[in-house]
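Okay, structure first, notes after.
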Amino acid sequence: MYIGIGARRGVSSEEVLDAVKQALEEVGKDESEIKMFASSTLKENETGLIEAIDKMGFDIKFLPDDILNGFEVPSDSQASRFGLKGVAEPAALALSANKKLILEKKVYGRITIAIAE
Numbered sequence: 192m193y194i195g196i197g198a199r200r201g202v203s204s205e206e207v208l209d210a211v212k213q214a215l216e217e218v219g220k221d222e223s224e225i226k227m228f229a230s231s232t233l234k235e236n237e238t239g240l241i242e243a244i245d246k247m248g249f250d251i252k253f254l255p256d257d258i259l260n261g262f263e264v265p266s267d268s269q270a271s272r273f274g275l276k277g278v279a280e281p282a283a284l285a286l287s288a289n290k291k292l293i294l295e296k297k298v299y300g301r302i303t304i305a306i307a308e
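In our numbering, the protein residues as written are 192 to 308.
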């Protein structure tokens with residue numbers, strides 16, 4: 192499964208780790224089932240996000256706007272103010288083979304997560 196993740200500026204790695212843990216619990220999945228994380232290039236300098244994913248032993252792929260905007264997503268997004276249809280949902284869908292969300296975008300504090308298979 193692939194986790195699409197968005198974050199407010201300045202999030203801590205602990206916030207990210209807690210959000211991922213909650214999202215996995217909601218879908219009844221284990222960290223071992225994660226293949227990769229994805230987000231927007233807008234987040235490629237977000238230290239807390241990068242540190243958390245590194246702590247978990249995973250990679251994150253930062254996707255450009257044209258890829259993120261190439262997907263129809265079920266949820267409205269705050270990212271529209273940056274010209275994006277979304278971050279978490281399209282990022283997860285972009286990497287997944289089946290293009291199926293098993294968790295539509297959900298906000299956990301200052302973190303937004305969507306999971307695709």
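C-beta: ideal position from N, C-alpha, C; glycine also.
- Setting aside the 5 residues that flank it on each side, ILE258 is surrounded in the same chain by PRO281 and ALA285, each with a C-beta closer than 8 Å to its C-beta; the list follows chain order.
- With contacts defined by Cβ atoms closer than 9 Å, GLU205 and ALA229 do not form a contacting pair.
- Rounded to whole angstroms, ALA198 and THR303 show a C-alpha spacing of 6 Å.
- Between TYR193 and LYS226, the C-beta spacing is below 9 Å.
- In the DSSP annotation of this structure, the continuous segment of the beta strand (DSSP E) that includes SER230 starts and ends at 227-231.
- Setting aside the 5 residues that flank it on each side, LYS290 is surrounded in the same chain by LEU284, each with a C-beta closer than 6 Å to its C-beta; the list follows chain order.
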